[in-house]
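Chains as they are written, first to last, in our numbering: chain A, 1 to 84; chain B, 1001 to 1160.
Before any comments, here is the structure.
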Amino acid sequence: MCNQTAGLIARALEEAGISTVTISLLREVTEKVKAPRALEVPYGFGFPLGRPNDPTVQHKILNALFEMVETVETPGEIWLFDER
Amino acid sequence: MAQFKDLKPSSQRFIRNYPFPELVDSTLHRLHKPLNKCRVALITTAGLHLKADKPFNSSFLASDCSYRALPCWARLCDMDISHNSGDFDRRGIQEDLNVVYPIDRLVELVQQGRLGSIASMHYSYMGSLPRTGDLRKYTAPEVAQLATQDAVDLAILTPV
């Protein structure tokens, strides 16, 4: 249910005028709560930024999140992260 | 990749039958300045809290919608983790906080000039919430107000 909670918090922040981007570990739930912008990542529960001690991939994920914030114009959009 | 089928059967049944709120499309607030001028906050649902703070109620049925502030200086040695869902594999975060809460990466990005600054306070919730009324009505808007007072432009949300 973490993905629901994150999406609902993001919605409240956007309503207050703060831009958000949410990592999604379970697309089905992120879609249900209509998170404002979400990046689906290919990792297991507990690993939203991938493997431990892998700053290269962590930075790639953050860059993808920033790209979403700078370009997405439609609420509810979900991108799929590919670390290659 | 985490998929619905990876959840425990009990969790799958719960989500399949869960009465998700009927929501309209969210507001979408566009950034009005470049990233290198933006102040960024992290919000996680991993149940992190300072060791000195009150733990979350980790009972699923309690549906603890409260939040804890995490000062920007706090690292794993300063924190405990209340979230104890069986679907949350804690091994990653125990080895590297940045797997869930990428504070060191944000510090690097500010040092590189990619981001403007890091919020003075970040926030954590307990993600396993079967009832979200208090979250939607009170505690999410409260954190939005606190982040606004901290001049946050962008928040990154990380579930577990």
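Backbone N, C-alpha and C define an ideal beta-carbon position, used for all residues, glycine too.
Fair warning: this is a prediction, and the values are worked out from it, not measured in the lab.
According to DSSP, residues forming a beta bridge with residue i
i                 : result
histidine 1122/B  : Leu1070/B
histidine 1032/B  : BP columns for histidine 1032/B are empty, so no partner.
methionine 1079/B : Leu1050/B
leucine 39/A      : Ile23/A and Trp79/A
serine 1117/B     : Arg1039/B
threonine 1158/B  : Thr1044/B
Burial state of residue i, where buried means 16 or more other Cβ atoms lie within 10 Å
i                : result
arginine 1030/B  : exposed
lysine 1005/B    : exposed
aspartate 82/A   : exposed
cysteine 1077/B  : exposed
glutamine 58/A   : buried
glutamate 14/A   : buried
threonine 74/A   : exposed
glycine 50/A     : buried
proline 1021/B   : exposed
glycine 1133/B   : exposed
proline 1102/B   : buried
aspartate 1025/B : exposed
alanine 1052/B   : exposed
Cβ separation of residue i and residue j, assumed to be a contact under 8 Å, to the nearest whole Å
i                : j                    : result
proline 1130/B   : phenylalanine 1056/B : No, proline 1130/B and phenylalanine 1056/B are not in contact; Cβ-Cβ is about 14 Å, not under 8 Å.
arginine 1075/B  : leucine 1050/B       : With 8 Å as the limit, arginine 1075/B and leucine 1050/B do not qualify as a contact, their Cβ atoms being about 11 Å apart.
alanine 16/A     : alanine 1144/B       : 4 Å
arginine 1230/B  : leucine 1035/B       : Since the first residue shown for chain B is 1001 and the last is 1160, residue 1230/B is missing from the structure and cannot be characterised.
arginine 1039/B  : valine 1152/B        : 5 Å
isoleucine 18/A  : proline 48/A         : At roughly 20 Å, the Cβ-Cβ gap does not stay under 8 Å, so isoleucine 18/A and proline 48/A are not in contact.
alanine 12/A     : alanine 1140/B       : 4 Å
leucine 1135/B   : threonine 5/A        : 7 Å
glutamate 1095/B : proline 55/A         : Not confirmed; about 13 Å, so no contact.
Cβ shell of residue i (< 7 Å), same chain only, five flanking positions each side left out
i                 : result
asparagine 1017/B : none
methionine 68/A   : Val21, Arg37, Leu39 and Trp79
leucine 8/A       : Val33
serine 1124/B     : Thr1044, Ala1046, Gly1047, Leu1048, His1049, Tyr1067, Arg1068 and Leu1070
asparagine 3/A    : Ser24, Leu25, Leu26, Val29 and Thr30
alanine 1062/B    : none
Within chain B, the residues that residue i reaches when beta carbons sit closer than 9 Å
i               : result
isoleucine 18/A : His1029, Ala1041, Ala1144, Ala1147, Thr1148, Val1152, Asp1153, Leu1154 and Ala1155
Contacts of residue i in chain A (Cβ-Cβ under 9 Å)
i                    : result
phenylalanine 1088/B : Cys2, Phe45 and Gly46
valine 1100/B        : Gly46, Phe47, Pro48 and Leu49
glycine 1127/B       : Met1, Cys2, Asn3, Gln4, Thr5 and Ala6
Contacts around residue i, its chain only, beta-carbon distance under 6 Å, and the 5 residues preceding and following it disregarded
i                 : result
serine 1011/B     : Asp1087
asparagine 1084/B : Ser1058
valine 72/A       : Arg37
Contacts that residue i makes with chain A (C-beta to C-beta distance below 7 Å)
i               : result
leucine 1023/B  : Val33 and Lys34
arginine 1013/B : Residues of chain A passing the Cβ test: none, with the nearest at roughly 13 Å.
alanine 1002/B  : Leu25, Leu26, Tyr43, Gly44 and Phe45
valine 1160/B   : Cys2, Phe45, Gly46 and Pro48
Closer than 7 Å at the beta carbon, the chain B residues around residue i
i                  : result
phenylalanine 66/A : Leu1035
Neighbour list for residue i in chain A, Cβ cutoff strictly below 8 Å
i              : result
alanine 1140/B : Leu8, Ile9, Arg11, Ala12 and Leu13
glycine 1092/B : Gly46, Phe47, Arg51 and Pro52
Close Cβ partners of residue i (< 8 Å) along its chain, the five nearest in sequence each way excluded
i              : result
proline 1009/B : none
glutamate 77/A : Arg37, Ala38 and Met68
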